[in-house]
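Asks:
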Amino acid sequence: MQSAGLPETARALVRAGRGILAIDESVGTCNARFAKLEIDESVEARRAYRELLIAAPGIEASVSGMILYDETIRQHTAAGVPFVDALRSRGMHAGIKVDTGTKRLPFTDAETITEGLDGLRDRLDAYRAMGATFAKWRAVFRITAGTPSPRAIRTNAHALARYAALCQECGIVPIVEPEVLGEGDHDLATSEDVTRRILAAVFDELALQGVVFEAMILKPNMVLPGSSARPISLDEIVAANLRVLRDTVPAAVPGIAFLSGGQDDRAATERLNAFNALGGEPRPWVLTFSFGRAIQQPALERWRGRPENVAAAQEILVRRALCNARAAEGRYDASFEQSLSAVS
Numbered sequence: 037m038q039s040a041g042l043p044e045t046a047r048a049l050v051r052a053g054r055g056i057l058a059i060d061e062s063v064g065t066c067n068a069r070f071a072k073l074e075i076d077e078s079v080e081a082r083r084a085y086r087e088l089l090i091a092a093p094g095i096e097a098s099v100s101g102m103i104l105y106d107e108t109i110r111q112h113t114a115a116g117v118p119f120v121d122a123l124r125s126r127g128m129h130a131g132i133k134v135d136t137g138t139k140r141l142p143f144t145d146a147e148t149i150t151e152g153l154d155g156l157r158d159r160l161d162a163y164r165a166m167g168a169t170f171a172k173w174r175a176v177f178r179i180t181a182g183t184p185s186p187r188a189i190r191t192n193a194h195a196l197a198r199y200a201a202l203c204q205e206c207g208i209v210p211i212v213e214p215e216v217l218g219e220g221d222h223d224l225a226t227s228e229d230v231t232r233r234i235l236a237a238v239f240d241e242l243a244l245q246g247v248v249f250e251a252m253i254l255k256p257n258m259v260l261p262g263s264s265a266r267p268i269s270l271d272e273i274v275a276a277n278l279r280v281l282r283d284t285v286p287a288a289v290p291g292i293a294f295l296s297g298g299q300d301d302r303a304a305t306e307r308l309n310a311f312n313a314l315g316g317e318p319r320p321w322v323l324t325f326s327f328g329r330a331i332q333q334p335a336l337e338r339w340r341g342r343p344e345n346v347a348a349a350q351e352i353l354v355r356r357a358l359c360n361a362r363a364a365e366g367r368y369d370a371s372f373e374q375s376l377s378a379v380s
């Protein structure tokens, strides 16, 4: 087992005023976003876009690491520098998405199981040799009248735990991502109950697999009502999230890096800020971000595949990341958004 040094890496990833930028979209997802903006759907366009993100001047002040996709971890800057080295030279960690996506869970209509455990040990060894220091695996749950079922929860929790154990054995910090999707009309209480049951099952399985809590990061959804449910107050959202986390997440876990889950970029930032500014009594873990689209999208829309727009897009990216870094310390306010609007 190569777990020595992993707690230090985990703490570095969630250190004060920094979060994790997810740029691990698959080729298909990235191309779909490009198509909406009439950007060329090519290997070179994807490489150029990822270089825009990785090389943004000043991004390291707000971002501790970036999660890469298999294509991306093998790519280089236009000057020939491997992306992993470009990150490392500025004090950022390189991570890698290692699950291979979801498939339908047998004997269900709509529930899924995340795949990718076959051959994972060898892939982790290869990614570590490339310079990856952390990894990510995502499980997906939907709230309906009959889901998520106990079987779907337990099956995905077991897969997450096996992945995390393999990561630590290979000397890589695992990010454990159980995501409850936001679509639906369910209320806050339902979201709270489902998220609590999932996190409890995940930590049960992590313990059974011998995962070292000090050497992992949790990446959960925010507990929110469904996207088509009635709006509720920020105070209610804060209270529900902190109840769930205090009930389920061991104090040994160094940090909780929330996913944005398709939220409006400003809403995700405001909620993260509220968790840190309004949370009341001290918490044993850092609350920060591991956002993708909520940070990337404004920059992508400014870039649109045009080299002359790179600098402006990078400035938007860095300011968007700074907004979330401030939120991770409970120091965000609307004036940061106003300065961002002035640039875009």
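All residue numbers for the sequence shown refer to the numbering used here, where the first residue is 37 and numbers rise by one. Beta carbons are placed, not taken as given, at the ideal position from N, Cα and C, and that holds for glycine.
1. Could you give the residue range of the beta strand (DSSP E) that holds Met102?
2. Compute the beta-carbon to beta-carbon distance between Ser296 and Gly262, rounded to the nearest angstrom, for a pair I have assumed lies under 8 Å.
3. Cα separation between Leu242 and Trp173?
4. Using only alpha-carbon positions, find the residue among Arg362, Cys359, Gln350 and Phe372 that is nearest to Leu89.
5. When you compare each of His112, Val63, Arg233 and Gly127 to Arg51 by their alpha carbons, which one comes out closest?
6. Would you call the CB atoms of Cys206 and Leu254 closer than 7 Å?
7. For the alpha helix (DSSP H) that contains Arg198, what are its first and last residues?
8. Rounding to the nearest angstrom, what Cα-Cα distance links Met258 and Phe325 in this structure?
9. From the DSSP secondary-structure annotation, give me the bridge partner or partners of Phe311.
10. Look up Val259 in the DSSP assignment and say whether it is helix, strand or coil.
11. Excluding the 5 residues flanking Ala122 on each side, which residues of the same chain have their C-beta closer than 6 Å to its C-beta?
12. Taking only the alpha-carbon atoms, compute the straight-line gap between Gly116 and Glu228 and give it to the nearest angstrom.
13. Applying the criterion that 16 or more other CB atoms from any shown protein chain within 10 Å of the CB defines a buried residue, is Ile352 buried or exposed?
14. Spatial neighbours of Leu270 within its chain, please: CB distance less than 6 Å, with the 5 preceding and 5 following residues excluded, ordered by chain position.
15. Secondary structure at Ile75, three-state DSSP: helix, strand or coil?
16. Evaluate Thr191 with the Cβ neighbour count: other Cβ atoms within 10 Å of its Cβ, from every protein chain shown; 16 or more gives buried, anything less gives exposed.
17. Please classify Pro290: does DSSP put it in a helix, a strand, or coil?
18. For the beta strand (DSSP E) that Arg174 lies in, which residues bound it at each end?
19. Could you tell me which of Pro93, Trp339, Ala348 and Met166 sits nearest to Leu104, measuring between CA atoms?
20. Exposed or buried, Lys72, counting other C-beta atoms within 10 Å across all chains shown (16 or more means buried)?
21. Pro210 by DSSP, collapsed to three states: which one?
22. Would you report the Cα separation of Thr138 and Ala195, rounded to the nearest angstrom?
23. Answer yes or no: do Leu57 and Val209 have a C-beta to C-beta separation smaller than 7 Å?
24. Report the three-state DSSP secondary structure of Gly55 (helix, strand or coil).
25. Hey, how far is the Cα of Ala146 from the Cα of Arg140?
26. Can you tell me whether Leu244 is buried or exposed, with buried defined as 16 or more other CB within 10 angstroms of its CB?
27. Rounding to the nearest angstrom, what Cα-Cα distance links Gly316 and Leu278 in this structure?
Replies: This is what the structure holds:
1. Reading the sequence shown from its first residue, position 66 is the one you call residue 102. From DSSP, the beta strand (DSSP E) with Met102 extends over Val99 to Leu104.
2. Residue 296 sits at position 260 when you count from the first residue of the sequence shown. Residue 262 sits at position 226 when you count from the first residue of the sequence shown. That belief does not hold up - the Cβ atoms of Ser296 and Gly262 are roughly 16 Å apart, past 8 Å.
3. Here residue 242 is taken as the residue at index 206 of the sequence shown, counted from 1. Here residue 173 is taken as the residue at index 137 of the sequence shown, counted from 1. Near 13 Å, if we compare the C-alpha coordinates of Trp173 and Leu242.
4. By one-based count along the sequence shown, residue 89 stands at place 53. Measuring from the Cα of Leu89, the nearest candidate turns out to be Gln350.
5. Numbered from its first residue, the sequence shown carries residue 51 at position 15. When each option's Cα is compared against that of Arg51, the closest is Gly127.
6. Looking up residue 206 in the sequence shown gives position 170. Looking up residue 254 in the sequence shown gives position 218. Not in contact: Cys206 and Leu254 (Cβ atoms no closer than 7 Å).
7. By one-based count along the sequence shown, residue 198 stands at place 162. Note, Arg198: alpha helix (DSSP H), Pro186 to Glu205.
8. Within the sequence shown, the letter at position 222 stands for residue 258. Within the sequence shown, the letter at position 289 stands for residue 325. Those two C-alpha atoms are separated by around 11 Å.
9. As a working note, residue 311 is residue 275 in the sequence shown. Answer is none; Phe311 lacks a bridge partner.
10. Locating residue 259 in the sequence shown gives position 223, where the first residue counts as 1. Val259: coil per DSSP, three-state reduction.
11. Translated into positions along the sequence shown, residue 122 becomes position 86. Around Ala122: Ile90 and Thr113.
12. By one-based count along the sequence shown, residue 116 stands at place 80. By one-based count along the sequence shown, residue 228 stands at place 192. So the two alpha carbons sit approximately 47 Å from each other.
13. The sequence position of residue 352 within the sequence shown is 316, counting from 1. Buried, since its Cβ has 16 or more Cβ neighbours within 10 Å.
14. Position 234 of the sequence shown, counted from the first residue, corresponds to residue 270. Answer for Leu270: Ala310, listed in chain order.
15. Taking the first residue of the sequence shown as position 1, residue 75 is located at position 39. Residue state, collapsed to three classes: coil.
16. Reading the sequence shown from its first residue, position 155 is the one you call residue 191. Classification for Thr191: buried.
17. As a position in the sequence shown, residue 290 is number 254, starting the count at 1. Annotated three-state conformation of Pro290 is coil, per DSSP.
18. Here the question's residue 174 lines up with position 138 in the sequence shown. Element bounds for Arg174: Phe170 to Phe177.
19. Reading the sequence shown from its first residue, position 68 is the one you call residue 104. Nearest C-alpha to Leu104: Met166.
20. The count along the sequence shown starts at 1 and reaches residue 72 at position 36. It is exposed - the Cβ of Lys72 has fewer than 16 other Cβ atoms within 10 Å.
21. The residue given as residue 210 occupies position 174 in the sequence shown. Three-state DSSP puts Pro210 in a strand.
22. Translated into the one-based positions of the sequence shown, residue 138 becomes position 102. Translated into the one-based positions of the sequence shown, residue 195 becomes position 159. Each residue's Cα considered, the two are about 12 Å apart.
23. Locating residue 57 in the sequence shown gives position 21, where the first residue counts as 1. Locating residue 209 in the sequence shown gives position 173, where the first residue counts as 1. Cβ atoms of Leu57 and Val209: not closer than 7 Å.
24. Counted from its first residue, the sequence shown places residue 55 at position 19. In the structure shown, Gly55 sits in a strand (DSSP, three-state: E or B).
25. Reading the sequence shown from its first residue, position 110 is the one you call residue 146. Reading the sequence shown from its first residue, position 104 is the one you call residue 140. C-alpha separation (whole angstroms): 7 Å.
26. By one-based count along the sequence shown, residue 244 stands at place 208. Exposed, by the Cβ-count rule.
27. The count along the sequence shown starts at 1 and reaches residue 316 at position 280. The count along the sequence shown starts at 1 and reaches residue 278 at position 242. In a straight line, the C-alpha of Gly316 is about 10 Å away from that of Leu278.
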